[in-house]
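See structure below.
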Amino acid sequence: MIATFLGTSLLRPAALALQALLTLGFHLPPSAAQGEGPDLRARFEALDGDPRDPQAALAVAELWREHPGLTLGVIDSYLEGSLAKFEKHGVEAQAEIAAMEARALRGAQAADRAFGTSIFGDYASAFASWNPEEQARFRRGQALYGEASKALRAKDPKGALAKARESLELARPLGDWWGSAMALSALARAHGELGEEAQALDFAAQARLLNHGLRLLEAELADLELMLRAAEALGRRERAAEAARAGASLAEQLKNAAAAQAFGEAQKRLTAK
Numbered sequence: 050m051i052a053t054f055l056g057t058s059l060l061r062p063a064a065l066a067l068q069a070l071l072t073l074g075f076h077l078p079p080s081a082a083q084g085e086g087p088d089l090r091a092r093f094e095a096l097d098g099d100p101r102d103p104q105a106a107l108a109v110a111e112l113w114r115e116h117p118g119l120t121l122g123v124i125d126s127y128l129e130g131s132l133a134k135f136e137k138h139g140v141e142a143q144a145e146i147a148a149m150e151a152r153a154l155r156g157a158q159a160a161d162r163a164f165g166t167s168i169f170g171d172y173a174s175a176f177a178s179w180n181p182e183e184q185a186r187f188r189r190g191q192a193l194y195g196e197a198s199k200a201l202r203a204k205d206p207k208g209a210l211a212k213a214r215e216s217l218e219l220a221r222p223l224g225d226w227w228g229s230a231m232a233l234s235a236l237a238r239a240h241g242e243l244g245e246e247a248q249a250l251d252f253a254a255q256a257r258l259l260n261h262g263l264r265l266l267e268a269e270l271a272d273l274e275l276m277l278r279a280a281e282a283l284g285r286r287e288r289a290a291e292a293a294r295a296g297a298s299l300a301e302q303l304k305n306a307a308a309a310q311a312f313g314e315a316q317k318r319l320t321a322k
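Count along the sequence shown from 1, then add 49; that gives the number in our numbering.
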């Protein structure tokens, strides 16, 4: 999906707009982790200077470990950049496109090494392998997610459901795990707004697993809040308590004091004798 530079941070505006909606229950402010950060893109390129150097991959992996929540944004900036270049220049820019995709894949492989996952490499390799028809489906999925987010802001959860469901149907077969996570979060929010807590819990849990794997920590925090609310509404006390515990721990990692307090209070309430 789209990685946008705001200052030196890599954020996705539509995702952050939905994230703000998802945290209305606790009225939580964004954490400090998504504020002004180091220029990871420049640091990554400096470390990735010689792709034949095995130490370079180790150094990049360490860089990602230091900044987990911003890792995917850096990697994605090369993937989105390569697609934008193809859309503008076509095959004439193939050499530059190939170089951008190769750098993204090296960064993704280093991320998998850093976090003990496989999702970064799969996401980057899937993105780089799309043909023009699949690229068009990806763009359509992005647009549909934007429409779902707009519907949620307009208090139209039924409209959001239709758009988010279609976005997910496009993203999943492409291996667009970031887009899939965003669509799942939107589905969870919409079902929650409609009082359909079982569906909200199902989709929020799926989104949380993807966002955790991708180290999209702010999005994971929002998913955990949805899980907490839905599980508690369903009377699933143990699952709600675990969501609260995980949320408190993640909020502390993100240096989000308000979220840590809110999740912590929920955990105490749910674990009280």
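Glycine included, every Cβ here is placed at the ideal spot set by N, Cα and C.
Keep in mind the model is a prediction, meaning the values are calculated, not measured.
Along the stretch 129-172, the alpha helix (DSSP H) occurs as fully enclosed runs of 4 or more residues at 143-164, listed in sequence order. For the pair D225 and F252, the CB atoms are not nearer than the 8 Å cut-off.
A contact is defined here as three or more CB-CB pairs under 8 Å, and the stretch 178-196 meets this definition with respect to the stretch 215-232. A direct Cα-to-Cα measurement between S131 and I146 gives close to 5 Å.
At least 8 Å separates the beta-carbon of A105 from that of L119. By the beta-carbon neighbour count (other beta carbons within 10 angstroms, threshold 16), H240 is buried. One thing to note: F135 has its Cβ no nearer than 8 Å to the Cβ of A144.
CA-to-CA, the gap between Q310 and G98 works out to about 43 Å. Exposed is the label assigned to R318, since fewer than 16 other Cβ atoms lie within 10 Å of its Cβ. Taking a cut-off of 8 Å on C-beta distances, the stretch 262-270 does not touch the stretch 285-294, as fewer than three cross pairs fall below it. W113 and K199 have their C-alpha atoms some 32 Å from each other. At a Cβ-Cβ threshold of 8 Å, A173 and L154 count as neighbours. Distance from the CA atom of Q248 to the CA atom of E301, rounded to whole angstroms, is 28 Å. Residue environment analysis places P181 among the exposed positions, since fewer than 16 neighbouring C-beta atoms fall within 10 angstroms of its C-beta.
By the C-beta density criterion, V123 is buried, having at least 16 other C-beta atoms within 10 angstroms.
In this structure K207 is exposed. Its beta-carbon is surrounded by fewer than 16 other beta-carbon atoms within 10 angstroms. Bounds of the alpha helix (DSSP H) holding N260 are 246-262.
For D97, there is no enclosing alpha helix (DSSP H), as DSSP gives it neither H nor E. A Cβ-Cβ distance of about 6 Å is found for the pair A280 and L250, placing them in contact under the 8 Å criterion. For the pair A160 and L128, the Cα-to-Cα distance works out to about 15 Å.
In this structure, L277 keeps its C-beta atom at 8 Å or more from the C-beta atom of A256. Cβ contact annotation for A108 (same chain, cutoff 6 Å, sequence separation greater than five): L96, in chain order.
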